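Engineer:
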Amino acid sequence: MSATPTTPSGTPEVLLSARELTKRFGGLAAVNGVNLDLWRDRIHAVIGPNGAGKSTLTNLLSGDILPTAGTVTLGGIDTTRHSPEAKSQRGLGRSYQKTNIFSSFTVWDNVRLAAQSRRRYAPWNPAQWFTRADAQATTNASCERAIELAGLTSRTNTIAATISHGEQRQLEIAMTLATEPQVLLLDEPLAGMGQAEAERMVELLLKLKKGHAMCLVEHDMDAVFALADRLTVMVNGQVIASGTPSEVRADTAVQAAYLGEEH
Ligand SMILES: Nc1ncnc2c1ncn2[C@@H]1O[C@H](COP(=O)(O)OP(=O)(O)OP(=O)(O)O)[C@@H](O)[C@H]1O
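Under UniProt numbering, the first residue of the sequence shown carries the number 1, and numbering increases by one thereafter.
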């Protein structure tokens with residue numbers, strides 16, 4: 001098992017914690033009493049069959065939907081009922097399963113728009129009138145860094161519709177990185193990719209591990225077992241196993257419910 005990450009002062013650093021997180025849709029508990037900790041410099045994968053509650057869990061962590069019960073803390077602050085924008089301000093970034101790209105815009109414009117829409121600017125606040133130009137320069141620098149980190153610098157001025165599917169998924173990541181988040185929630189970043197594209201994305205996610213706490217929802221088990229430091233396995237809204245990849249692989253309940261004989 002990998003060593004527990006620490007701050008310079010030696011304290012372990014959990015950036016996001018969910019406790020007893022629950023979401024009911026009528027009679028259905030889509031997420032039921034889930035506990036989860038996301039650590040800086042670690043990738044935590046959430047796996048499970050279709051309908052297990054993975055996307056609902058991501059939506060609860062990001063603030064896109066509110067829980068029926070339980071809490072979500074970010075950097076030690078209770079953010080359970082905060083909006084996605086407020087969570088973005090606190091360092092949370094997420095990508096979506098369905099693409100959010102404006103295909104007729106350039107890569108740059110998509111990233112710039114994502115940065116703008118997720119960062120709060122209050123025109124009625126005089127304190128911000130004089131800092132607006134500075135804020136724009138900072139946002140531009142963040143966007144450049146995000147595009148570079150996502151490996152798309154050569155595509156900066158290319159129309160998004162004309163780049164490959166794999167590059168469009170890289171663009172989604174760049175859009176998520178545009179606000180310089182510390183916590184990344186990634187919903188199926190390898191969806192629809194061929195072998196070569198998937199390998200590139202795995203490399204990119206490994207690169208992003210440093211400095212970020214990452215929650216990865218993914219169906220591609222080769223990628224999951226190549227990337228994850230810890231795994232949570234969900235079935236019918238509940239966590240049936242949680243641990244290192246080797247612990248999860250050896251778990252008989254997981255083998256029976258999900259992984260079968262192949263891993
Ligand atoms: N807005 C909603 N209203 C009612 N039921 C919902 C809603 N969203 C999700 N569900 C139900 O909650 C359960 C969990 O769905 P969810 O999309 O979270 O699963 P998932 O593990 O992400 O599945 P997949 O791997 O197919 O994306 C499913 O039974 C789904 O039909």
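Using N, Cα and C, we set each Cβ at its ideal position, and we do this for glycine too.
Only a predicted model underlies this, so the values are computations on that prediction, with no experimental measurement involved.
On the CB-based measure, 16 or more other CB atoms within 10 Å of its CB, does Leu171 come out buried or exposed?
Structural biologist: That one is buried.
Engineer: Which residues have their C-beta within less than 5 Å of a heavy atom of ligand 1, listed in chain order?
Structural biologist: Residues with a Cβ closer than 5 Å to any heavy atom of ligand 1, in chain order: Phe25, Ala30, Asn50, Gly51, Ala52, Gly53, Lys54, Ser55, Thr56.
Engineer: Within a Cβ cutoff of 8 Å, which residues of the same chain sit near Ala253, ignoring the five residues on either side of it in sequence?
Structural biologist: Correct list, in chain order: Ile240, Ala241.
Engineer: So if DSSP puts Ala18 in a beta bridge, which residue, or which two residues, is it bridged to?
Structural biologist: Bridge partners of Ala18: Leu36, Val72.
Engineer: Note down the Cα distance separating Gly63 from Gly166, rounded to an integer number of angstroms.
Structural biologist: The straight-line gap from Cα to Cα measures roughly 27 Å.
Engineer: Mapping the DSSP letters down to three states, classify Ala52 as helix, strand or coil.
Structural biologist: Looking at Ala52 - three-state DSSP - the assignment turns out to be coil, as it is neither helix nor strand.
Engineer: Can you tell me the Cβ-Cβ gap for Gly53 and Met201, rounded? I've got them flagged as a contact below 8 Å.
Structural biologist: With a Cβ gap of about 24 Å, Gly53 and Met201 do not count as contacting.
Engineer: Helix, strand or coil for Ser246, going by three-state DSSP, please let me know.
Structural biologist: If DSSP states are grouped into helix, strand and coil, Ser246 belongs with the helices.
Engineer: DSSP on Gln116, reduced to helix/strand/coil?
Structural biologist: Looking at Gln116 - three-state DSSP - the assignment turns out to be helix.
Engineer: If I'm right that Ile163 touches Leu204 with Cβ under 8 Å, what's the distance once you round it to whole angstroms?
Structural biologist: Not confirmed; about 15 Å, so no contact.
Engineer: Please list, in chain order, all residues of the same chain as Ala191 whose beta carbon is under 8 Å from its beta carbon, the five residues on each side excluded.
Structural biologist: Counting only Cβ-Cβ distances below 8 Å, and skipping sequence neighbours, we find Gln97, Arg169, His219.
Engineer: Around the Cβ of Glu188, are there at least 16 other Cβ atoms within 10 angstroms (buried) or fewer (exposed)?
Structural biologist: Its Cβ being crowded by 16 or more others within 10 Å, Glu188 is buried.
Engineer: Span of the alpha helix (DSSP H) holding Gly166?
Structural biologist: From DSSP, the alpha helix (DSSP H) with Gly166 extends over 165–177.
Engineer: Over the uninterrupted beta strand (DSSP E) stretch that includes Met214, give me the two end residues.
Structural biologist: Its beta strand (DSSP E) spans residues 213–217.
Engineer: If we count Cβ pairs, one from each stretch, closer than 8 Å, do we get three or more for the stretch 193–200 versus the stretch 98–115?
Structural biologist: The answer is no - the stretch 98–115 does not touch the stretch 193–200, with fewer than three Cβ pairs under 8 Å.
Engineer: Along the chain, where does the alpha helix (DSSP H) that runs through Asp222 open and close?
Structural biologist: Start and end: 221–227.
Engineer: Is Arg200 helix, strand or coil when you go by DSSP?
Structural biologist: Looking at Arg200 - three-state DSSP - the assignment turns out to be helix.
Engineer: Following the continuous alpha helix (DSSP H) through Ala86, name the residue where it begins and the one where it ends.
Structural biologist: Looking at the DSSP string, the run of the alpha helix (DSSP H) that includes Ala86 is 84–89.
Engineer: Within its chain, find whatever has a CB closer than 7 Å to the CB of Pro84; leave out the 5 residues flanking it on each side and keep chain order.
Structural biologist: Cβ neighbours of Pro84 beyond the five flanking positions: Ser62, Gly63, Asp64.
Engineer: To the nearest angstrom, how far is it from the Cα of Pro245 to the Cα of Ala135?
Structural biologist: Straight-line Cα distance between these residues: approximately 42 Å.
Engineer: Which residues in the same chain have their Cβ closer than 6 Å to the Cβ of Asn35, if we skip the five residues on either side of it in sequence?
Structural biologist: Hits under 6 Å: Arg19.
Engineer: For the beta strand (DSSP E) holding Met234, just list the boundary residues, first then last.
Structural biologist: Here the beta strand (DSSP E) through Met234 covers 230–235.
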